[in-house]
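Numbering (this note's numbering), first residue to last: 83 to 360.
Every residue, glycine too, gets a C-beta built ideally from N, C-alpha and C.
Below: the structure, in structure tokens.
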Amino acid sequence: GLVMVILWWPIFTRVVAFPTDIVATKTEAMFDGSQVQINNLRLQRAQLMNEVANQLMTIQAETETAKKEADTWYENAWESVKSSVKEGFAEVWNPIVELRNRLQVSLQLLATSILETLALWVLRICVYIIFMVQIIFSTILIILGPFAVAISILPAFRDSFTTWVARFISVNLYSGIAYLVLYVASLFQQYAMEAEISRYQELLAGSAPMEKLVAFAGNGLLSFGMVIVTFLIGGLTMLTVPSISTWVVSTSGITSAASSMGRGASNISRMAFKMMKG
Numbered sequence: 083g084l085v086m087v088i089l090w091w092p093i094f095t096r097v098v099a100f101p102t103d104i105v106a107t108k109t110e111a112m113f114d115g116s117q118v119q120i121n122n123l124r125l126q127r128a129q130l131m132n133e134v135a136n137q138l139m140t141i142q143a144e145t146e147t148a149k150k151e152a153d154t155w156y157e158n159a160w161e162s163v164k165s166s167v168k169e170g171f172a173e174v175w176n177p178i179v180e181l182r183n184r185l186q187v188s189l190q191l192l193a194t195s196i197l198e199t200l201a202l203w204v205l206r207i208c209v210y211i212i213f214m215v216q217i218i219f220s221t222i223l224i225i226l227g228p229f230a231v232a233i234s235i236l237p238a239f240r241d242s243f244t245t246w247v248a249r250f251i252s253v254n255l256y257s258g259i260a261y262l263v264l265y266v267a268s269l270f271q272q273y274a275m276e277a278e279i280s281r282y283q284e285l286l287a288g289s290a291p292m293e294k295l296v297a298f299a300g301n302g303l304l305s306f307g308m309v310i311v312t313f314l315i316g317g318l319t320m321l322t323v324p325s326i327s328t329w330v331v332s333t334s335g336i337t338s339a340a341s342s343m344g345r346g347a348s349n350i351s352r353m354a355f356k357m358m359k360g
């Protein structure tokens with residue numbers, strides 16, 4: 083039986099991987115379906131963010147105009163006013179200057195875009211890492227699999243074939259679990275975007291939008307931060323895919339290998355940093 087497995091090795095590996103391919107197809111379809119709603123919400127959120135930025139720019143222009151008008155009046159009338167009027171003018175003038183300095187909309191919009199892009203790239207890099215690890219491990223298992231089958235005839239290595247099957251299934255589950263994690267992360271993103279959209283709409287509406295916009299601009303970013311957090315949470319959760327896979331198919335070898343590879347990459351990066359610093 084083992085000889086037949088070795089002779090028909092490519093077919094055997096496809097048969098073993100077939101259930102995991104079905105799981106990957108189903109979870110990928112779930113993830114793709116959620117992306118339609120996510121993209122619509124992302125577009126709506128971007129439009130509202132631009133509206134908020136335009137409102138802030140309008141307020142900034144108004145304060146700049148008020149500053150110029152105040153400068154003109156200040157130069158022409160300063161010598162003829164009393165001390166009490168000067169003090170009253172300072173009370174009006176100082177908030178205008180403070181408001182004008184705080185409303186640096188362009189820089190805030192740029193900082194918001196940079197932070198969201200970095201958080202999104204953290205998520206993408208974590209996804210790429212998981213799929214790269216799956217490709218590397220599955221390739222190694224397929225190439226060295228016949229050796230594990232052959233030595234399983236020896237009493238000392240009688241469990242090598244079953245161990246190989248468990249590890250191969252565990253590695254092939256990475257894609258299915260990864261898409262499932264991305265689907266769950268997309269649900270968090272959908273909730274965060276809906277919450278931020280409602281808050282943007284509240285900023286643009288209401289009885290005192292100027293006060294709300296000024297308070298919002300004082301945060302330094304044109305974002306509430308919830309979407310950024312969901313990107314980071316999704317990226318960190320993606321790194322747990324190997325551990326989740328071992329919950330489904332019990333095997334410790336793959337997780338240990340992934341941990342060793344992560345430690346090796348960390349050591350290499352530290353050595354490279356020391357060499358560059360030196």
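- Distance from A99 to Y261 at the Cβ level is roughly 16 Å; contact not present, criterion being Cβ atoms closer than 8 Å.
- The three-state secondary structure of I259, taken from DSSP, is helix.
- Note on S220: 16 or more other CB atoms within 10 angstroms of its CB, so buried under the neighbour-count rule.
- Relative to the Cα of I120, the nearest Cα in the group L191, T322 and L264 belongs to L264.
- Less than 8 Å separates the beta-carbon of M131 from that of Y282.
- S252 sits away from V323, with the two beta carbons spaced by 8 Å or more.
- Taking C-beta atoms under 8 Å as the contact rule, I88 and P228 qualify, at a distance of about 5 Å.
- The three-state reading of DSSP puts S332 in coil, since its state is none of H, G, I, E or B.
- The C-alpha of T328 is placed about 11 Å away from the C-alpha of N254.
- The residues L123, in chain order, have a CB closer than 8 Å to that of E276 in the same chain once the five nearest residues on each side in sequence are set aside.
- Around the Cβ of F113, a 10 Å sphere holds 16 or more other Cβ atoms; the residue is buried.
- Secondary structure of T221 (DSSP, three-state): helix.
- Counting the other CB atoms within 10 Å of its CB gives S325 a total below 16, which places it among the exposed residues.
- Annotation for F313: the continuous alpha helix (DSSP H) segment containing it runs M308 to M320.
- In the structure shown, A238 falls within a helical segment according to DSSP collapsed to helix, strand and coil.
- Excluding the 5 residues flanking it on each side, T199 has no same chain C-beta neighbour closer than 8 Å.
- Assignment of A287 by DSSP, reduced to helix, strand and coil, places it in the coil class.
- The three-state reading of DSSP puts W203 in helix, counting H, G and I together.
- In this structure, the beta-carbon distance from I310 to R127 does not fall below 8 Å.
- Here F243 has A230, V231 and S234 as same chain residues with Cβ atoms under 7 Å from its own Cβ, once five neighbours each way along the sequence are excluded.
- With respect to the C-alpha of G307, the residue from L125, E110, T194 and W203 having the closest C-alpha is T194.
- When secondary structure is reduced to three states using DSSP, W90 falls in the coil class, being assigned neither helix nor strand.
- For the pair L205 and G317, the CB atoms are nearer than the 8 Å cut-off.
- Taking each of A201, T312 and R96 in turn and checking the Cα distance to V266, the smallest one comes out for T312.
- The straight-line gap separating the alpha-carbon atoms of L84 and V215 is approximately 28 Å.
- The Cβ neighbour count for V209, taken over all protein chains shown within 10 Å, is at least 16; the residue is labelled buried.
- Counting other Cβ atoms within 10 Å of its Cβ, M86 stays below 16 and is therefore classed as exposed.
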